[in-house]
Each structure stands twice: as structure tokens, then as C-alpha cells.
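Asks: Before I ask anything, here is the structure I am working with.
In the working numbering, the protein residues as written are 886 to 1205.
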């Protein structure tokens, strides 16, 4: 097992290095720079060019990449031109919000998907199964940003059950009960919006696993031996059907990354996704590179987690 994990880690490191190179090059290919667009046109162009020279924006990309990697190895991601603060500190502030949004989304995803998948699979081809399957088809066809906008309009503006922006009510003391409760309230609607769409894959996959497992020989044998229906489902069908779901936990993390970009933008939730969009619009390349690199590393680690869990579930896939 440990040999498998070590080999997967060895494969992961070149992927991260290649990712960093690609991200840096693509960021340099974007039009303009941090001094474009928001500079007073009355400023002397020579002064602007001198500032570009001082910031190293005119250096060849490979020299800037080496400098950036050198700072990265020391925990220095550079300084944001627009937010006027260290990128490390800026990312740390937003990363906490995105982390809790991801945790809440995964919690709601499995809380909704597992019961629906079990009901749909156990009583397949019934009215209940058709309703659940219809929900998943609608979920597959509905774009996330449209669904999030509808959720915000209905539950935020019309019913006013949830806050419509931000991550906490201003003026509250950090650590107090009111502060924690406000954070939870601001988190709930974005997490539910993302989970209700993300859950459809898990529901369909779990339903298919249960329907397929019900027809296997060892289930027929268990019934032939006189095992009760509840024992057959609880000890054999459900157990074997849920194991592959656990193996794809890491890929759920990867899927959340793209979703949070839209959800945080729509709800004005100050996380990594919103920071990413703001930095692109402001041409703050230092922040863009750091955020995309973190997203990429999270995707790679998500795939690694899935491989490790899958190797625990099915030892046949382990590398000898």
C-alpha cells in the first residue's frame, strides 16, 4: 500500500511542476499588465515605462518564472498590485471561506445524494424512482449559474430567508456566537445551490450500482439461503454499492473548484473563486497565477485521494 502511495506521489510532483510552467506562461500571454487600463492618461508614458521596469514587467518570462519559483519555495507568492498586500496573506483570507464552502457543499451533497440514490435503486421503476430520476435529469440540464441566480432571487430577495452577499454581517466580533451564526447563514445558500446540482451525478451512480448489485450471483445466493430482505440490502447490496462512491470522493473535490468560481461570483461570497475573477478583470497576474496554481494542485491532490481510496476499496488496482 505504501509503495503505491509513494509511486503516485512521485508522479504527482512532475505534474505540479508542469502545471506551474503552463500557468505562468498563459498568464504572461494575457493582454496588458497590472499597470494597464487604470492609469491616469495624463501621466508621462516614460514614467509608466520606468515603473514597469522597476517591477520587472519587461523582463523575459523565463527570468520572471525563476524569480517567482524562488519566492514560491520560500513561501512568498509576491505582492498584489491591486489589493496592495502580500498574495500569501490575501489567499489565506479567501482560502478559509472557500474551504468552509467546500466542506458544507460536500456535506449537503452526500446528505441528499445517498438517501435519494438508495431509494431510487432499491425501488427502481416505481413512481418514487421516476421522480428522483427526473430530478437528476433536470439537474444535468440546468447550468449551475442559472440555478444559483434563481436560488438567490427566490430565497435571498423574494423570501429573504438568507443573506444575499458577503460572508459575515459587518461589525460583529470574531469568535462570538453572533459572528459564527452569521458566517453559517451566509454560507448556507451558496452551499445548497452548489450541492443540489453536484448531487445528481452521485444519485445516478449510486442508483446504477444498487440496481446492478441486486442482480449479482452472491445476492441471489444470500436470498436462497434464507437471508431476510433487510439483511440482504444492509449487509450486501448497500455496502458494496457505497464503496465506489467513497472512491470518487476526491473527484468531488475537483468538481467543486469550477463550481465555486460561478457561485462565489453570483453570491458575492469572498472566496478563492471570486478572488480569481476579480484578479483577471484587474489584470493582477501575481494573484491569478497563485490562485490557478492552487486550484490545479487541489485537482491533482483530489485525483490522488481518489486513487488511494479506490486502492483501499479494490486492492487489485494497486501498483505492484
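Yeah, the Cβ is synthetic: ideal placement off N, Cα and C, and Gly gets one too.
The model shown is predicted, which means the values in this text are computed figures rather than measured ones.
Would you mind working out which of 1083, 1036, 1159 and 1094 sits nearest residue 1026, comparing C-alpha positions?
Replies: If we check each option's Cα against that of residue 1026, 1083 comes out closest.
Asks: Pairing CB atoms from the stretch 1016–1030 with CB atoms from the stretch 1057–1070, are three or more of them under 8 Å?
Replies: Result no; under three Cβ-Cβ pairs closer than 8 Å.
Asks: Give the DSSP-derived three-state secondary structure of residue 1054 in the structure shown.
Replies: Three-state DSSP puts residue 1054 in coil, outside helix and strand.
Asks: Straight-line CA distance for residue 1168 to residue 966?
Replies: Spanning the two alpha carbons is a distance of roughly 9 Å.
Asks: Is the Cβ-Cβ distance between residue 1091 and residue 1002 less than 8 Å?
Replies: For residue 1091 and residue 1002, yes; Cβs fall inside 8 Å.
Asks: Whole angstroms is fine: what's the gap from residue 1205's alpha carbon to residue 1089's?
Replies: Confidence at residue 1205 is low in this model, with a pLDDT of 48, below 50, so the placement of that residue should be treated as unreliable; the coordinate-derived value is given next. Cα-Cα distance, rounded: 33 Å.
Asks: Throw me the rounded Cβ distance for the residue 893 and residue 1189 pair, which I believe falls under 8 Å.
Replies: At roughly 6 Å, the Cβ-Cβ gap stays under 8 Å, so residue 893 and residue 1189 are in contact.
Asks: Measuring alpha carbon to alpha carbon, tell me which residue in 1099, 1079, 1035 and 1122 is nearest residue 989.
Replies: It is 1079 whose Cα lies nearest to the Cα of residue 989.
Asks: According to DSSP, what are the bridge partners of residue 964?
Replies: Answer is 971, bridged to residue 964.
Asks: Is residue 1113 buried or exposed, if buried means 16 or more other CB atoms sit within 10 Å of its CB?
Replies: It is exposed - the Cβ of residue 1113 has fewer than 16 other Cβ atoms within 10 Å.
Asks: Grouping DSSP H, G and I as helix and E and B as strand, with all else coil, what is residue 1066?
Replies: DSSP places residue 1066 in helix when its eight states are reduced to three.
Asks: Is residue 901 helix, strand or coil when you go by DSSP?
Replies: Of the three classes helix, strand and coil, the one that applies to residue 901 here is helix, per DSSP.
Asks: Buried or exposed: residue 891, going by 16 or more other Cβ atoms within 10 Å of its Cβ?
Replies: It is exposed - the Cβ of residue 891 has fewer than 16 other Cβ atoms within 10 Å.
Asks: What separation, rounded to the nearest whole angstrom, lies between the Cα atoms of residue 896 and residue 1162?
Replies: In a straight line, the C-alpha of residue 896 is about 30 Å away from that of residue 1162.
Asks: What's the C-alpha gap between residue 1171 and residue 1037?
Replies: Cα to Cα, residue 1171 sits roughly 32 Å from residue 1037.
Asks: Going by alpha carbons, who is nearest to residue 992 out of 1062, 1098, 1137 and 1118?
Replies: It is 1137 whose Cα lies nearest to the Cα of residue 992.
Asks: Tell me whether the beta-carbon of residue 1176 lies closer than 8 Å to the beta-carbon of residue 1160.
Replies: The answer is yes: Cβ separation under 8 Å.
Asks: Can you give me the C-alpha to C-alpha distance between residue 1180 and residue 962, rounded to a whole angstrom?
Replies: Cα-Cα distance, rounded: 15 Å.
Asks: Rounded to whole angstroms, what is the Cα-Cα separation between residue 1166 and residue 1085?
Replies: C-alpha separation (whole angstroms): 32 Å.
Asks: According to DSSP, is residue 1167 part of a helix, a strand, or is it coil?
Replies: Note: residue 1167 maps to coil in three-state DSSP.
Asks: Would you decide whether residue 1005 is buried or exposed? Buried here means 16 or more other CB atoms lie within 10 Å of its CB.
Replies: Classification for residue 1005: buried.
Asks: Please classify residue 1007: is it buried, with 16 or more other beta-carbons within 10 angstroms of its beta-carbon, or exposed?
Replies: The residue is buried, with at least 16 neighbouring Cβ atoms inside 10 Å.
Asks: Under 8 Å by Cβ, that's how I've got residue 1174 and residue 908 pegged, so tell me the actual separation to the nearest angstrom.
Replies: Between residue 908 and residue 1174 the Cβ distance is about 6 Å, and since that is below 8 Å, they are a contact.
Asks: So is residue 1087 buried or exposed if we call it buried at 16+ other beta carbons inside 10 Å?
Replies: Buried is the call here.
Asks: Is residue 1121 buried or exposed, if buried means 16 or more other CB atoms sit within 10 Å of its CB?
Replies: With 16 or more other Cβ atoms within 10 Å, it is buried.
Asks: Under the three-state reduction of DSSP, which class applies to residue 1190: helix, strand or coil?
Replies: Residue 1190: helix per DSSP, three-state reduction.
Asks: Which stretch, first to last residue, makes up the alpha helix (DSSP H) that contains residue 1045?
Replies: Segment: none, residue 1045 is in no alpha helix (DSSP H) and carries neither H nor E.
Asks: Between which residues of its own chain and residue 985 is the CB-CB distance below 8 Å, once the five residues before and five after are set aside?
Replies: For residue 985, where only same-chain residues beyond five positions count, the Cβ hits under 8 Å are 1068 and 1072.
Asks: Is it right to say residue 998 is buried, meaning 16 or more other beta carbons lie within 10 angstroms of its own, or is it exposed?
Replies: So residue 998 counts as buried.
Asks: Work out the CA separation of residue 1052 and residue 1028 for me, nearest whole Å.
Replies: The straight-line gap from Cα to Cα measures roughly 24 Å.
Asks: What is the DSSP secondary structure of residue 1112, reduced to helix, strand or coil?
Replies: Three-state result, residue 1112: coil.
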